[in-house]
Amino acid sequence: MIVAILTLLGLALFFGLLLGYAAIHFKVKGNPIVDKLDAALPQTQCGQCTFPGCRPYAEAIERGEAEINQCPPGGETTIQELADIMGVETIPLNDDHGEHSDTPEVAVIIEDQCIGCTLCIQACPVDAIMGAAKQMHTVIADECTGCELCLPPCPVDCIVMLPIKQNIERWNNPLPLALENIPVVVETAPKVVQGE
Amino acid sequence: MSSQQYIMHGGVHVAGHKALSTDKAMSTLALPERLMIPTRQHRGIGGKLLVAEGDYVYKGQPLTEQRATGSYLVHASTSGTIEKVGRFLVPHRSGYSCIGVSIKVDGKEDWGNYRLAPMKDFVTIDNALLLDRINDAGVVGLGGAVFPTAVKIGSGAKQGALKTLIINAAECEPYITCDDVLMRTEADQIVTGIQVMLKMLSPEQCLIGIEDNKPEAIAALKEAVAKLDHRTIKVIVIPTIYPSGDAKQLTKILTGVEIAKGKRSYELGILCHNVATAHSLYKAVVLGEPLLSRLVTVTGAGVKEPQNFDVLLGTPFTHLVQAAGGYTNKAERLLMGGLMMGYPMHTDEIPVVKATNCVLVLPESDLAYSSDMAMPCTRCGKCVEVCPPKLLPQQLYWHSRANDLERVQKHNLADCIECGCCSYVCPSNIDLVSYFTHAKGALREERQKQEKIDQARERFEFRDFRIQRDKEERDAKRAEHKAALQKKKAAMAAKKAQEGENSVSATDSKQDAIKAALARVQAKKKAQQEQTSDSSKTESKQD
Ligand code: SF4
Ligand code: SF4
Ligand code: SF4
Numbered sequence: 001m002i003v004a005i006l007t008l009l010g011l012a013l014f015f016g017l018l019l020g021y022a023a024i025h026f027k028v029k030g031n032p033i034v035d036k037l038d039a040a041l042p043q044t045q046c047g048q049c050t051f052p053g054c055r056p057y058a059e060a061i062e063r064g065e066a067e068i069n070q071c072p073p074g075g076e077t078t079i080q081e082l083a084d085i086m087g088v089e090t091i092p093l094n095d096d097h098g099e100h101s102d103t104p105e106v107a108v109i110i111e112d113q114c115i116g117c118t119l120c121i122q123a124c125p126v127d128a129i130m131g132a133a134k135q136m137h138t139v140i141a142d143e144c145t146g147c148e149l150c151l152p153p154c155p156v157d158c159i160v161m162l163p164i165k166q167n168i169e170r171w172n173n174p175l176p177l178a179l180e181n182i183p184v185v186v187e188t189a190p191k192v193v194q195g196e
Numbered sequence: 001m002s003s004q005q006y007i008m009h010g011g012v013h014v015a016g017h018k019a020l021s022t023d024k025a026m027s028t029l030a031l032p033e034r035l036m037i038p039t040r041q042h043r044g045i046g047g048k049l050l051v052a053e054g055d056y057v058y059k060g061q062p063l064t065e066q067r068a069t070g071s072y073l074v075h076a077s078t079s080g081t082i083e084k085v086g087r088f089l090v091p092h093r094s095g096y097s098c099i100g101v102s103i104k105v106d107g108k109e110d111w112g113n114y115r116l117a118p119m120k121d122f123v124t125i126d127n128a129l130l131l132d133r134i135n136d137a138g139v140v141g142l143g144g145a146v147f148p149t150a151v152k153i154g155s156g157a158k159q160g161a162l163k164t165l166i167i168n169a170a171e172c173e174p175y176i177t178c179d180d181v182l183m184r185t186e187a188d189q190i191v192t193g194i195q196v197m198l199k200m201l202s203p204e205q206c207l208i209g210i211e212d213n214k215p216e217a218i219a220a221l222k223e224a225v226a227k228l229d230h231r232t233i234k235v236i237v238i239p240t241i242y243p244s245g246d247a248k249q250l251t252k253i254l255t256g257v258e259i260a261k262g263k264r265s266y267e268l269g270i271l272c273h274n275v276a277t278a279h280s281l282y283k284a285v286v287l288g289e290p291l292l293s294r295l296v297t298v299t300g301a302g303v304k305e306p307q308n309f310d311v312l313l314g315t316p317f318t319h320l321v322q323a324a325g326g327y328t329n330k331a332e333r334l335l336m337g338g339l340m341m342g343y344p345m346h347t348d349e350i351p352v353v354k355a356t357n358c359v360l361v362l363p364e365s366d367l368a369y370s371s372d373m374a375m376p377c378t379r380c381g382k383c384v385e386v387c388p389p390k391l392l393p394q395q396l397y398w399h400s401r402a403n404d405l406e407r408v409q410k411h412n413l414a415d416c417i418e419c420g421c422c423s424y425v426c427p428s429n430i431d432l433v434s435y436f437t438h439a440k441g442a443l444r445e446e447r448q449k450q451e452k453i454d455q456a457r458e459r460f461e462f463r464d465f466r467i468q469r470d471k472e473e474r475d476a477k478r479a480e481h482k483a484a485l486q487k488k489k490a491a492m493a494a495k496k497a498q499e500g501e502n503s504v505s506a507t508d509s510k511q512d513a514i515k516a517a518l519a520r521v522q523a524k525k526k527a528q529q530e531q532t533s534d535s536s537k538t539e540s541k542q543d
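This is the structure in structure tokens:
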């Protein structure tokens with residue numbers, strides 16, 4: 001019993017020290033500009049910018065190796081912020097990388113089709129999928145960034161992207177109806193062609 | 001202590017329409033056929049459901065269990081069978097549904113053994129036990145904020161040295177009279193509830209603030225307080241002006257203290273509770289009854305017989321309206337809450353919850369804010385004059401409209417108490433307060449989004465670290481393994497060598513002889529070689 005406790009304690013201590021050491025040793029060396037750029041990125045970690053995550057993209061921008069218009073999840077607002085930080089002109093989103101969408105989505109595993117292969121778990125950049133081999137997997141919706149990286153590896157295509165559900169907690173009081181926020185559509189009548 | 005009064009900034013005089021519902025005595029409602037009880041009726045998250053479809057529940061039986069902090073109990077308001085567990089419409093502006101249960105009422109009002117032990121001599125009972133009791137009874141602030149009372153009292157007690165306990169009996173909202181009726185009929189019980197708070201908080205003074213439009217309630221309270229001969233409790237009559245019943249405004253009026261931005265009132269030694277909350281404390285502690293019912297005013301020109309009811313939580317609005325004689329032909333709008341701060345409801349198929357103080361049915365023309373199309377702001381400044389926390393609603397309006405969240409924060413949007421005074425006075429019919437609730441929501445969304453982004457960054461970095469760590473652990477293990485293997489090999493070799501030595505020692509001399517012979521031969525060879533190479537050298541020289 002005591003041996004077991006001591007062993008566990010020893011293990012805990014060892015991993016604690018390891019973690020502490022790693023936290024210092026592997027800490028990404030602070031670079032204020034990279035930090036700023038990284039803070040402006042949406043942290044979807046989707047890789048559409050062709051870099052393996054937002055921070056690597058930030059580093060590439062800082063080194064001048066990437067344009068500021070490669071992040072589709074961020075869209076125009078992110079480009080604007082990146083341009084401000086880098087002191088350059090804004091440019092439109094490069095649609096080679098993808099399209100910007102305003103509706104946030106999360107991945108949902110159709111649970112009775114999941115075969116428990118763990119491939120999606122390995123693909124998730126933020127460890128938002130829970131499950132063990134041959135057990136059904138689940139996406140932790142609160143932690144999913146909507147990057148879609150788990151879709152391609154799934155051998156049975158049982159992961160779908162769904163828009164985040166509106167509910168009481170998320171709902172916001174709408175703006176009152178007033179002239180300025182009623183969308184106006186101006187339709188011009190077709191030109192009346194005078195008879196000959 | 002002086003009972004000097006201070007003047008709150010701004011505010012508006014609105015026709016009270018209180019006589020509509022006050023002249024009738026409080027009525028207890030016949031049991032409805034079924035109750036709908038949502039699991040979340042307070043600030044925070046809903047508790048974990050403890051019951052399933054088909055279960056029999058007793059009156060007072062907890063329906064939920066507390067998850068970690070932030071969730072509080074709801075109870076079965078009467079006995080019956082759980083008919084459905086699922087989503088129900090709730091009184092919320094959004095019109096979205098919420099998890100809850102429906103109970104088919106059996107009419108027995110059977111408590112089983114779910115009544116909590118009465119604590120009549122609460123003065124001798126430990127504060128921690130009292131706090132647990134208030135928590136177990138699911139008591140929340142009944143003034144509208146539905147903040148858990150145990151948490152509020154707990155944080156007040158932790159702060160130590162409370163100066164002033166304020167009991168909010170102002171009831172400044174037009175149309176609502178449930179607190180008035182409660183004070184008139186149950187003043188003694190309210191005062192006992194206040195004593196529970198005094199026992200737990202031991203403040204220097206306790207001020208009951210009440211507007212001068214409720215003479216009967218004032219008399220009843222004064223009488224109940226006089227009976228006690230408790231010098232710390234004082235009933236203070238204040239002028240009628242909306243929104244004197246807002247906790248911050250009442251604090252200002254009674255003590256002169258303005259609660260600075262970002263401060264909690266208890267940090268300044270002040271705590272404010274509603275009268276109805278004091279009453280439910282009495283029930284929870286002295287009678288051992290959880291919060292199962294509350295007083296609700298059903299009123300407005302849209303109902304035939306406006307009055308106050310003692311209503312079981314979960315009773316459908318339809319049942320209430322029926323008991324009040326049904327709708328009149330003026331019933332055009334349904335609001336939960338008063339005229340100024342009430343929310344429009346999408347349907348009457350919703351239950352009374354802990355926050356329901358009033359069911360208000362009105363014709364369009366009686367609404368506080370005209371629904372005519374808003375006109376441009378003329379910068380008349382009327383909204384600035386009435387704003388109790390001294391904000392600049394006009395500026396806030398421009399910035400909210402432009403969705404400039406930075407500027408609205410600079411203009412102290414967080415201090416807006418959403419009283420609606422600005423909307424009420426605006427000659428251009430601008431529904432200012434709706435812009436502000438929207439902007440507050442947008443700020444909250446922004447905050448949540450940022451939190452999620454930060455969380456994603458952290459998790460991404462941790463994953464990187466985890467992968468690195470796993471690799472290093474694997475490498476370390478591999479290295480260890482290799483080292484162990486090598487050690488084993490070395491050990492084996494050493495063993496072999498030793499074994500060899502043992503056998504060798506016997507033939508030592510022989511070996512030595514051979515070695516010596518070998519050495520000799522080698523020396524000879526070397527000498528010969530040197531000779532030949534020397535001769536070759538000389539030869540080459542000669543050439
Ligand atoms: S494209 Fe994806 S990985 Fe790249 S910066 Fe944008 S969110 Fe991050
Ligand atoms: S009351 Fe209305 S019109 Fe007057 S300044 Fe305020 S918002 Fe503008
Ligand atoms: S700005 Fe807010 S606090 Fe001021 S009057 Fe309008 S609603 Fe009330």
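Here the protein sequences line up with chains A and B, keeping their order.
The opening position of the first sequence corresponds to residue 1 in this note's numbering, with each subsequent residue numbered one higher.
The opening position of the second sequence corresponds to residue 1 in this note's numbering, with each subsequent residue numbered one higher.
Quick reminder that beta carbons are idealized off the backbone N, C-alpha and C, glycines included.
Reduced DSSP secondary structure (H/G/I, E/B, other) of residue i
i: residue 206(B); result: strand
i: residue 319(B); result: helix
i: residue 451(B); result: helix
i: residue 462(B); result: helix
i: residue 438(B); result: helix
i: residue 71(B); result: strand
i: residue 420(B); result: coil
i: residue 75(A); result: helix
i: residue 4(B); result: coil
i: residue 492(B); result: helix
i: residue 48(B); result: strand
i: residue 83(B); result: strand
i: residue 59(A); result: helix
i: residue 540(B); result: Any reading at residue 540(B) must be qualified, since the residue scores a pLDDT of 44, below 50, and its modelled position is unreliable; the value itself is stated next. Note: residue 540(B) maps to helix in three-state DSSP.
Close Cβ partners of residue i (< 7 Å) along its chain, the five nearest in sequence each way excluded
i: residue 346(B); result: 95
i: residue 537(B); result: With a pLDDT of only 46 at residue 537(B), under 50, the local geometry of the prediction cannot be trusted, and the value read off the model is given with reservation. So no residue of the chain qualifies.
i: residue 391(B); result: 411, 412, 415, 416
i: residue 4(B); result: none
i: residue 251(B); result: 166, 257, 259, 265, 270, 272
i: residue 125(B); result: 119
Under 8 Å from the C-beta of residue i: neighbouring residues of chain C
i: residue 10(A); result: This model lacks chain C altogether, as its protein chains are A and B.
Contact under 8 Å by Cβ, residue i with residue j
i: residue 78(A); j: residue 147(A); result: no
i: residue 177(B); j: residue 315(B); result: no
i: residue 103(B); j: residue 76(B); result: yes
i: residue 354(B); j: residue 291(B); result: yes
i: residue 124(A); j: residue 150(A); result: yes
i: residue 27(B); j: residue 309(B); result: yes
i: residue 438(B); j: residue 175(A); result: yes
i: residue 240(B); j: residue 213(B); result: yes
8 Å CB neighbourhood of residue i in its chain, flanking five on each side removed
i: residue 223(B); result: 187
i: residue 143(A); result: 126, 127, 128
Beta-carbon contacts of residue i that lie in its chain and below 6 Å, excluding the five residues immediately before and after
i: residue 81(A); result: 40
i: residue 66(A); result: 60
(request) Please list the residues of the stretch 357-372 of chain B that have a C-beta atom closer than 7 Å to any C-beta atom in chain A, keeping them in chain order. (result) Within the stretch 357-372 of chain B, contact with chain A at the beta-carbon level (separation under 7 Å) is assigned to no residue.
(message) Any C-beta of chain A within less than 7 Å: which residues of the stretch 78-103 of chain B qualify?
(response) 92, 93, 94, 96, 98
(request) Anything in the stretch 445-471 of chain B with a Cβ closer than 9 Å to a Cβ of chain A? List those residues in chain order, please. (result) 445, 448, 449, 452, 453, 454, 455, 456, 457, 458, 459, 460, 461, 462, 463, 464, 465, 466, 468, 469
(message) Does the stretch 338-345 of chain B come into contact with the stretch 374-393 of chain B, if we say contact requires no fewer than three beta-carbon pairs (one atom in each stretch) closer than 8 Å?
(response) no
(message) Tell me which residues of the stretch 70-91 of chain A have at least one Cβ-Cβ distance to chain B shorter than 9 Å, keeping chain order.
(response) none
(message) Under 8 Å: do the stretch 163-175 of chain B and the stretch 382-401 of chain B share three or more Cβ pairs, one atom per stretch?
(response) no
(message) Beta carbons nearer than 8 Å to chain B: which residues of the stretch 39-73 of chain A have them?
(response) 42, 43, 44, 45, 53, 54, 55
(message) Using 8 Å as the cut-off, can you tell me whether the stretch 37-49 of chain B makes contact with the stretch 3-20 of chain B, which would need three or more C-beta pairs spanning the two stretches below that distance?
(response) no
(request) May I ask you to verify whether the stretch 274-282 of chain B touches the stretch 24-31 of chain B, counting CB pairs closer than 8 Å and requiring at least 3? (result) no
(message) To be precise: take each residue of the stretch 119-130 of chain A, compare its Cβ to all Cβ atoms of chain B, and keep it if any distance is under 9 Å. Which residues remain?
(response) 124, 125, 126, 127, 128
(message) Is it the case that the stretch 126-136 of chain B contacts the stretch 199-213 of chain B, given that we only count it when at least three CB pairs across the two stretches are under 8 Å?
(response) For the pair of segments examined, the stretch 199-213 of chain B was found to touch the stretch 126-136 of chain B: the number of CB pairs separated by less than 8 Å reaches three.
(request) Please determine if the stretch 205-223 of chain B and the stretch 151-168 of chain B are in contact, where contact requires at least 3 C-beta pairs separated by less than 8 Å. (result) yes
(request) Name, going along the chain, the residues of the stretch 412-437 of chain B whose beta-carbon falls closer than 8 Å to a beta-carbon of chain A. (result) 430, 431, 434, 435, 437
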